[in-house]
Each structure stands twice: as C-alpha cells, then as structure tokens.
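Residue numbers (the numbering used here): 748 to 1206.
In this text, a Cβ means the ideal position worked out from N, Cα and C, and glycines have one as well.
Since we're looking at a predicted model, the values are computed, not measured.
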C-alpha cells in the first residue's frame, strides 16, 4: 500500500502524525515524497496558529517562511490581526489589477509575491512580531500601518514584487521626501527605493528610480533643489550616500558603479567624511578579499572632474583598516608624490602611526621611501628631523621597527637616542647583537649611565 492509495481522511491523519512526530521544520523537508503529500503537509503546517511554532528549529522555520505563512492567512486569518491581513489583501488585489485579466492561480502567485515583497521591505523580525503581536501599546507601528488606506509606498512594494513598473515613476513622485521617525517609535516599514533596489539586486527598478531622479534636474531650479533635498540630506527617501554604502555591504558591484556614475553626473561632490566612510566600508565589509578589492577599486576610480579624492584622511583609513594590497591600491590613486609632504601627510609616517605592519608594507610596496626625513612635530624629542624608523622607535612599536628594518629602513639610531621603553629597548639591543655581535648594556645598566657615557658607547 502506498500513500496515494489511502483514503483522504486517513491520509490527513498520517500527515498530522508526521508533523507531530517529526516537528514542523523536519516535516517540511518531507515534501519531496510526492506532490499530494507535499500539498497536505504545506496546508497543515501553514494553517497552524503562530503559537504552534515553539521549538528553536520551528521558530527558525517560521522566520524563514513568514511570507508563505502570511499568504496562507489571506484565506484563513486564524489568530492574526484582521486589519493587518485586510491591508495585505488590498495590496495583493491592487497588484493583480495591474496585470489585467489573470487566472485564479495567477492571483495566488501574485499574493505570495506581494507577501514576499512585504517581508523584504520590513525587517523580518518586525513582520514576525506583527503576526504574533499581543502587545498593549505596541512600540512598532504595524497597527497604524494596517489601519491606513493604500498609499504610494504600499503600491510600490506591490509593483516591485510583481515586476510591473508601468506606474512606478508616478508612485515614486508621490513618496514622502523624508523617512524620519520620532524617538521611541519603532518604524514598521520604511521604503527607500535605492537601498531596496541595491539590497534585492533589482537592476530594472534601480534604473527606473534613477531615471525619475534625473528628470528632476530638467525641471529647472526647483527640480534641482528637490533633487538635492531627496538625495543628499539625512533621513531622506532617496538617500544616495546610504545606497552606496548598502551596495558595498551587499557586494552589489554593478549597482555601486551605477550609483557612482549617477552621483558624478547629477550631484555635487560627496564631502570628504562621507567618501572616507565608503572607503572604510569597502575595507571592513564581511566579503571576500576579491570583492573588497573590486569595491575599493570602483570607489578609487570615482574621480569627479578627473580629480582623485584620495587625501591623507583616506590614506590614514587604508593604513588603519586595509590589507597590504588595499593600501597599495589607495596610494596608486594619491593626488601627489607619496614621498613629498610633512610628517603628518607622508604615507610612510601615516603607516607608522597606524601601528600596523600591513600598512608599512603596503606603503613601501607602493613606492614610499622608508628613509624619507620630515620635520618633527614631537615636542618630547630633541631632534628637529625624524625618519620613519625614529618615529616608530619613539612610539615604542617594535613590530613596526622590525618591518622598516626588513624593508630597507635604517640604520638603527645610536643607543644614546633610544627610548627607555623596555620592549623597544630590548628589541633594538637584540637586533644590534644579531647584526654586529655587540653586546650592549641592559636597560637597567643603561639607565645608570650618564648622557656622556651613553654617547661614548659604540655599536
């Protein structure tokens, strides 16, 4: 006897027994047994109240399939808020109306897509909370949203979900300019088109959004003002700077290039702090080394009016957070000779101050002279001019001293100029012993010597 030969009532009984025995998340994986069994499993699992998802694995399943669960609630509300379900029904109905005459199955598919689009727009945890919420005076705004009629934001979510962009430009024009939320209020849903497009890799809607913004520029002074307002200020709907940061975080290299091209053509220069944040994102974002280098290369090749934006702040960020290839890549785009400048601007000194061996190696790989000399800005040091090695010595960084010596920095200054920091002194003493065989005084003995006795030492 096979499953398909069982009477419907017994088949349903078997399905429920499987769910009870295996648990919801494990039973869901059995849908591959046969189509009929899959349909029964899907129906039985998705038509359980939210309180049925208790175990850790079942909670994980619920979060992962919350859009399917929401779509099932459109037919059977169960214990979910009725206003919320009606609002989602209205969105699905409006979306279906944009497609003209469609079959009942196509309507079902549209409803599932709208629910999935809603999940992508809201935070997953927020949607799960809305379905389960029993709070009094809930800090989330899902109840307020549920009781309001469909607006341009809701329709845009539906439009993007079903990939029907005919009315998208008009809906974009109706979006509020700002997305500010008062303190203490947890936003239920904030639709920022550019960030959404980047996060979901929706290249078509990204182009629609950018074309809408570009048309503003052709509307004269008022259009240009509006373009700057909706893209450049904080808490705006089309925050271009956040979208670029999102493209870096989500490894959307094509989207990053498109946004930077638009920025160069239609917007004023980003301020140095903002550009530095993008560079920092590219270096520390949790992506592969190749993706990080590609993102960094795209940012460094962003040169409005042919002028590189790499300055000492960017070099400092690269030295602080970048790998050797990243530091090398940044310095390739430096605006001036990397061996000219002051102790504050010369890349080799910036690398020493970062305290990172990777920075020192990256800077030298890019062509920096490890023996370049600059006027000192350290009041505690009597010398007027310093090398990178002397700066590292006075900053008590044995690892940096070692890196400089290995890359041609030196020679080691006379012992009378050494710092009395134990790790630094012991390292230099050991290095001299290895190189010359001279056994210099220990730090304890060195401290007892007068300045004349120190200067008389030979190594």
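- Looking at the backbone, the Cα of residue 997 and that of residue 990 are separated by about 10 Å.
- Cβ-Cβ distances below 8 Å link residue 958 to 916 in the same chain, with the five nearest sequence neighbours on each side left out; the list follows chain order.
- Of the residues assessed, residue 828 falls on the buried side of the cut-off, its CB having 16 or more other CB atoms within 10 angstroms.
- Following the DSSP letters along the chain, one finds residue 1087 in no alpha helix (DSSP H), marked with neither H nor E.
- In terms of Cβ geometry, residue 810 and residue 871 form a close pair [threshold 8 Å].
- Per the C-alpha coordinates, the member of 1133, 1132 and 1159 positioned closest to residue 1145 is 1159.
- Under the three-state reduction of DSSP output, residue 991 falls in the helix class.
- Our two residues, residue 1063 and residue 1055, have alpha carbons roughly 16 Å apart in a direct line.
- The continuous stretches of alpha helix (DSSP H) do not include residue 881, and DSSP gives it neither H nor E.
- Setting aside the 5 residues that flank it on each side, residue 1104 is surrounded in the same chain by 1146, 1147 and 1150, each with a C-beta closer than 7 Å to its C-beta; the list follows chain order.
- Per DSSP, the beta bridge partners of residue 1132 are 1122.
- Looking only at 863, 1200 and 1014, the smallest Cα-Cα distance to residue 819 is reached by 863.
- Shown here, residue 827 sits in coil according to DSSP, grouped into three states, outside any helix or strand.
- Assignment of beta-bridge partners to residue 983 by DSSP yields 925.
- Counting only unbroken stretches of 4 or more residues, the alpha helix (DSSP H) elements lying wholly within the stretch 1146-1199 are 1169-1183 and 1190-1195, in sequence order.
- Residue 1022 and residue 879 have their alpha carbons spaced roughly 42 Å apart.
- The C-alpha of residue 939 is placed about 9 Å away from the C-alpha of residue 868.
- A Cβ-Cβ contact shorter than 8 Å links residue 904 with residue 865.
- The beta carbon of residue 1120 sits closer than 6 Å to the beta carbons of 1132 and 1134 from its chain, once the five residues preceding and following it are set aside; these are given in chain order.
- Distance between residue 937 and residue 1169, taken at the CA atoms: about 56 Å.
- At the C-beta level, residue 1117 and residue 1156 come within 8 Å of one another.
- Per DSSP, the continuous alpha helix (DSSP H) segment holding residue 1066 begins and ends at 1059-1068.
- Straight through space, the alpha carbons of residue 881 and residue 961 are spaced by roughly 45 Å.
- Annotated as proximal: residue 1090 and residue 1123, with beta-carbon spacing under 8 Å.
- If you draw a straight line from the Cα of residue 891 to the Cα of residue 824, it comes to about 19 Å.
- Taken through DSSP and simplified to helix, strand or coil, residue 1049 comes out as coil.
- Put simply, the stretch 1040-1052 touches the stretch 1069-1076. At least three CB pairs are less than 8 Å apart.
- The shortest C-alpha to C-alpha distance from residue 1016 to any of 804, 978 and 785 is the one to 978.
- Taking C-alpha positions only, residue 1048 is separated from residue 944 by approximately 23 Å.
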